[in-house]
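Undergrad: Next up is a structure, given as structure tokens.
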Amino acid sequence: MRASNRCAAAILSFTLIATPSVAETEADVLRLVALGDSLTQGYGLPTDEGFVPQLQAWLEDQGLAVEVINAGVSGDTTAGGLERMDWTLAEPVDAMLVTLGGNDLLRGLSPAASKDNLRGILTRLERDGIPAMLAGMPAPGNYGPEFKLAFERMYIDLAGIFDVPLIPNFMQPMTDKADAGASFNDLMQDDHIHPNAEGVALIVEHVGPPLLEFLRGLEAQES
Numbered sequence: 016m017r018a019s020n021r022c023a024a025a026i027l028s029f030t031l032i033a034t035p036s037v038a039e040t041e042a043d044v045l046r047l048v049a050l051g052d053s054l055t056q057g058y059g060l061p062t063d064e065g066f067v068p069q070l071q072a073w074l075e076d077q078g079l080a081v082e083v084i085n086a087g088v089s090g091d092t093t094a095g096g097l098e099r100m101d102w103t104l105a106e107p108v109d110a111m112l113v114t115l116g117g118n119d120l121l122r123g124l125s126p127a128a129s130k131d132n133l134r135g136i137l138t139r140l141e142r143d144g145i146p147a148m149l150a151g152m153p154a155p156g157n158y159g160p161e162f163k164l165a166f167e168r169m170y171i172d173l174a175g176i177f178d179v180p181l182i183p184n185f186m187q188p189m190t191d192k193a194d195a196g197a198s199f200n201d202l203m204q205d206d207h208i209h210p211n212a213e214g215v216a217l218i219v220e221h222v223g224p225p226l227l228e229f230l231r232g233l234e235a236q237e238s
């Protein structure tokens, strides 16, 4: 073999040894599905300013190798989320963040029915061995105190039943401003339902740390 050929062979051999295969690289990346509605989907925002891309960027900034998959469907209820679980889980999934309930609230649906739907989602994930994290929604007082208590309590109850970590209030940054007697319109789009890019950034800062801890725990289990 000529010296030049031996050199080329040596370089190729080193490259094959030193460069991880595509399969190995993909295996090291956690696949997190964000199951939700328009808040997850990024309604009304440029593609790179929605919840999923901002969350992806935040987690990567923390050094986590993760792919956040957008399974948000605008207008979806807890029933809709349950109905599309087969489609959502068609590809391999390492974990799921479940953020549903906002449209149930807007429609005044029974908290008992919403709870049953979320129970169905968590039951499916438990059966399939997919770790889950649950994010709750704050209920307004206009449906009455019993409705508000039942709706907000369902997230706490289900997190306990299925032993999954819970973010009690996905919209906590807005709630904090309201509790302080301040308007949070500066964090919302003109419809006063969906957060703007700045509002999403604050939600990601709120959701990010507990989610990062959850995903780090999964990494540790796999290593």
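End of the sequence shown = 238 in the numbering used here, gap-free, step of one.
Where a beta carbon is used, it is the ideal one built from N, C-alpha and C, also for glycine.
All of these numbers come straight from a predicted model, not from anything done at the bench.
Under the rule that 16 or more other beta-carbon atoms within 10 Å means buried, what is Ile218, buried or exposed?
TA: buried
Undergrad: Which same chain residues end up closer than 7 Å to Ser19 when comparing Cβ atoms and leaving out the 5 residues on each side of it in sequence?
TA: Confidence is the limiting factor: at Ser19 the pLDDT is only 42, short of 50, which leaves the residue's position unreliable, though a coordinate-based value still follows. Nothing listed; no residue qualifies.
Undergrad: Evaluate Gln236 with the Cβ neighbour count: other Cβ atoms within 10 Å of its Cβ, from every protein chain shown; 16 or more gives buried, anything less gives exposed.
TA: exposed
Undergrad: Quick one: residues in its chain with C-beta nearer than 8 Å to the C-beta of Pro225, no 5 flanking neighbours on either side, listed in chain order?
TA: Met148, Pro180 and Ile182
Undergrad: Can you tell me where the alpha helix (DSSP H) with Glu98 in it begins and where it stops?
TA: Residue range Thr93 to Glu98 is occupied by the alpha helix (DSSP H) that includes Glu98.
Undergrad: Ignore the nearest five residues each way along the sequence and tell me which others in Pro160's own chain have a CB closer than 8 Å to its CB.
TA: Closer than 8 Å at the Cβ level, and outside the excluded window around Pro160, lies no residue.
Undergrad: Pick from Leu233, Gly57, Asp91 and Ile208: whose alpha carbon is nearest that of Gly116?
TA: Per the C-alpha coordinates, the member of Leu233, Gly57, Asp91 and Ile208 positioned closest to Gly116 is Asp91.
Undergrad: Is the beta carbon of Asn132 less than 8 Å from the beta carbon of Thr93?
TA: yes
Undergrad: Would you kindly report the start and end of the unbroken alpha helix (DSSP H) that includes Met169?
TA: It spans Pro160 to Phe177 - the alpha helix (DSSP H) in which Met169 sits, taken as one unbroken run.
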